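In the UniProt record's numbering, the protein residues as written are 1 to 192. Glycine included, each C-beta is placed from N, C-alpha and C at the ideal position. Predicted model, so just to flag it, every value in this text is computed and none were measured.
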């Protein structure tokens with residue numbers, strides 16, 4: 001499997017975070033970075049497969065917006081990212097995949113063993129009662145000996161550092177919404 005580099009959605013530790021995000025200005029960055037956990041997951045996969053390293057997080061977010069991956073409400077609230085448009089963006093960039101409901105641990109493990117990636121929906125309130133809503137993380141490895149998954153969490157809510165978080169099977173079962181996407185490298189390969 002390809003090496004997966006961690007991509008956070010928040011660059012506030014930098015003086016000009018919008019530049020790292022790829023946004024034209026601070027207001028665009030502040031508008032979009034809270035919404036892009038799924039886009040971050042897709043970019044991590046695309047970068048690992050060689051299809052998106054030249055594209056900024058902001059550019060991918062705008063592609064997803066154009067494909068109706070986000071819905072901007074009159075109140076200013078943004079809903080999304082929606083799975084179908086996210087899959088279309090993946091396919092636009094040489095990846096393929098499927099949208100899954102009933103995404104149980106067995107299906108996640110089988111997917112990872114077959115060299116695929118899993119963008120998994122979590123219930124934030126099951127991670128921390130003070131949080132609410134859904135959240136997407138990238139599950140990119142599994143160790144059968146310890147029954148532990150390796151997860152990149154772009155927010156991060158699972159651990160202070162969102163990179164390569166080890167989550168055991170019981171905990172993942174507890175916080176998973178059992179839906180998401182399984183993504184793999186498509187026939188049109190960008191890898192070198």
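Could you pull out every residue in the same chain whose Cβ sits closer than 7 Å to the Cβ of residue 88, ignoring the five residues on either side in sequence? Correct list, in chain order: 67.
Under 8 Å by Cβ, that's how I've got residue 119 and residue 180 pegged, so tell me the actual separation to the nearest angstrom. Confirmed, about 5 Å.
Can you tell me which of the three DSSP states residue 209 falls into? Outside the shown range of the chain (1 to 192) lies residue 209, about which nothing can therefore be said.
Check this for me: beta carbons of residue 21 and residue 57, under 8 Å apart or not? Taking 8 Å as the cut-off, the beta carbon of residue 21 is found closer than this to the beta carbon of residue 57.
Would residue 140 and residue 37 qualify as a contact pair, given that the criterion is a beta-carbon distance under 8 Å? At least 8 Å separates the beta-carbon of residue 140 from that of residue 37.
Length of the line joining the Cα atoms of residue 160 and residue 187: Rounded to whole angstroms, the separation of the alpha carbons of residue 187 and residue 160 is 37 Å.
Determine the DSSP secondary structure at residue 82, reduced to helix, strand or coil. Coil at residue 82, not helix or strand.
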